[in-house]
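Residue numbers (this note's numbering): 10 to 539.
Below, the structure is given as structure tokens:
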């Protein structure tokens with residue numbers, strides 16, 4: 010890295026993946042329909058519109074943002090005029106390693122001033138343990154060493170019990186090889202094999218699996234290791250994160266929608282896509298408002314919708330094996346988000362976000378009025394608070410009366426000052442449309458490229474060779490999908506950024522190779538670089 014070169018964050022080891030060279034303007038006036046106006050679809054549409062491609066975004070909901078959208082709450086909590094209150098599908102953390110997502114947001118907020126840093130991200134377990142990342146250094150391997158030394162969830166006895174060979178697989182990584190090394194293994198099985206301390210397991214690693222709305226027994230071990238690398242040993246950005254300073258629509262997606270329309274893109278919200286078909290000269294996207302004809306299509310929908318649109322024989326030029334892999338993908342279990350407008354405030358020293366372990370179905374608690382301006386305005390006017398509770402990986406037939414009762418009990422246990430608070434209004438949401446990143450072979454998952462060069466995929470459930478996940482995978486694959494189409498038209502692609510794809514330190518690589526040689530892992534054959 011040359012001195013003075015721009016970086017997407019503080020980490021000098023961040024890796025730039027250059028876009029394919031080409032023209033900056035589309036003199037031939039190619040056209041693309043982007044199906045889905047979430048993070049992935051907006052990233053693809055932005056990348057294409059910036060190269061003068063004619064883009065139409067079609068989104069079934071009446072607002073942009075997909076699974077990160079926001080909308081007016083169905084109940085006005087106080088019936089008063091003023092700042093409207095909003096609802097969303099729940100809290101999202103904008104980590105500083107999310108280089109490509111943050112790059113997308115810089116289109117309308119160059120200094121990322123609409124993102125508000127949180128001072129800490131505490132994790133608590135019912136067993137009495139608590140971990141914090143506020144005072145942990147950000148540079149690896151000091152971050153991991155400091156976390157282990159500061160955490161009550163690790164003891165010397167626990168450290169002696171850890172299987173060093175399995176631990177070596179956490180230390181020495183090389184993506185995407187690490188994904189395939191763990192084909193067929195779940196996160197839970199890997200942690201069992203590693204003999205990871207139970208308390209630390211709940212607080213330090215399973216939180217990643219739960220953030221995918223998945224039970225660790227069904228979540229990919231390779232993806233878990235990828236997240237460990239991204240947040241700990243592979244990046245100097247740290248584990249603290251930012252959040253939007255108001256609801257997602259106001260802060261993020263409405264400005265980006267205006268940015269796209271300023272560049273000639275068409276945006277059709279509230280419009281369902283019923284089919285994607287092969288046309289004589291391109292593709293046909295059937296919508297409730299009529300067909301759209303284009304040279305290519307980016308399908309950036311949730312997994313079930315992608316399967317419905319592309320699983321049909323006339324959707325694209327594809328063989329049966331590709332369709333079988335596409336249709337075999339599953340969605341994660343349901344999750345619930347409950348937003349409560351309460352008539353009393355939480356104590357001033359409470360953190361805006363609290364991760365929980367072993368508290369029944371509850372995975373985290375957010376004090377929305379501590380970071381969203383609209384919620385803060387309501388809380389200031391009423392003297393109340395806006396609280397959000399999350400429950401991930403619920404049983405398909407969960408009793409939601411019981412779920413809500415448990416949520417309230419956990420809230421009262423952790424925030425006694427809110428016990429018995431009256432809910433002026435509430436909104437309870439249950440969804441089951443997040444992709445399950447399971448234990449199936451990594452290479453069998455559908456990627457950005459499909460057998461039909463006119464059709465590309467994007468989203469957080471799409472295979473990506475980089476150690477990215479959730480919103481960052483959505484943004485990254487959105488840019489990759491656009492880059493694929495741009496390269497076919499000799500148009501310049503867009504640069505992407507990631508954390509390093511391999512272990513940062515010689516010590517980590519050496520320890521991992523030694524462990525691999527003892528276990529016969531494929532990683533043993535890889536050279537140790539200095």
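Glycine residues also receive a C-beta, built at the ideal position from the N, C-alpha and C atoms.
Subject >> Residue ranges of each alpha helix (DSSP H) within the region 146 to 197, 4 or longer >> reply: 151 to 159, 165 to 170, 173 to 180 and 186 to 190
Original post:
What three-state label does DSSP hand residue 138 in the structure shown?
Top reply: Note: residue 138 maps to coil in three-state DSSP.
Original post:
Taking one C-beta from the region 304 to 321 and one from the region 92 to 109 each time, how about it: are there three or more such pairs within less than 8 Å?
Top reply: no
Original post:
So what does DSSP say about residue 19, is it helix, strand or coil?
Top reply: In the structure shown, residue 19 adopts coil according to DSSP, grouped into three states.
**OP:** Please decide whether residue 77 counts as near chain D, where near means a Cβ-Cβ distance under 8 Å.
**Re:** No chain D is present in this structure, which holds just one protein chain.
**OP:** Output the distance between the C-alpha atoms of residue 127 and residue 250, rounded to the nearest integer angstrom.
**Re:** 6 Å
Original post:
Using the C-alpha atoms, what's the distance from residue 354 back to residue 242?
Top reply: 38 Å
Original post:
For the alpha helix (DSSP H) that residue 343 lies in, which residues bound it at each end?
Top reply: That residue, residue 343, is in no alpha helix (DSSP H); it is neither H nor E in DSSP.
Original post:
Can you pull the DSSP bridge partners for residue 96?
Top reply: 80
Original post:
Which class does residue 367 belong to by DSSP, given the choice of helix, strand or coil?
Top reply: Three-state DSSP puts residue 367 in a strand.
**OP:** On a CA-only basis, which of 258, 46 and 494 is nearest residue 381? Give me that one, please.
**Re:** 258
Original post:
Leaving out five residues before and five after residue 360 in sequence, what residues of the same chain have Cβ atoms less than 7 Å from its Cβ?
Top reply: 129 and 131
Subject >> Ordered list of alpha helix (DSSP H) runs contained in the region 198 to 262, each at least 4 residues >> reply: 215 to 220 and 230 to 237
Subject >> Within 8 Å, strictly: CB atoms of residue 462 and residue 327 >> reply: no
Original post:
Hey, would you say residue 19 sits closer than 8 Å to residue 246, going by beta carbons?
Top reply: yes
**OP:** Report the three-state DSSP secondary structure of residue 482 (helix, strand or coil).
**Re:** helix
**OP:** Pull up the distance between the alpha-carbon of residue 29 and that of residue 502, whole angstroms please.
**Re:** 5 Å
**OP:** Label residue 337 either buried or exposed according to how many other C-beta atoms from any shown protein chain fall within 10 Å of its C-beta, with 16 as the threshold for buried.
**Re:** Under this definition residue 337 is an exposed residue.
Original post:
Among 83, 405 and 396, which one has its Cα closest to the Cα of residue 417?
Top reply: When the alpha-carbon of residue 417 is set against those of 83, 405 and 396, the nearest one is in 396.
Original post:
Which two residues bound the contiguous beta strand (DSSP E) that contains residue 283?
Top reply: 282 to 287
**OP:** Determine the closest residue to residue 370 out of 144, 134 and 498, with distance taken between C-alpha atoms.
**Re:** 134
**OP:** Pick helix, strand or coil for residue 426, following the three-state DSSP scheme.
**Re:** Shown here, residue 426 sits in a helix according to DSSP, grouped into three states.
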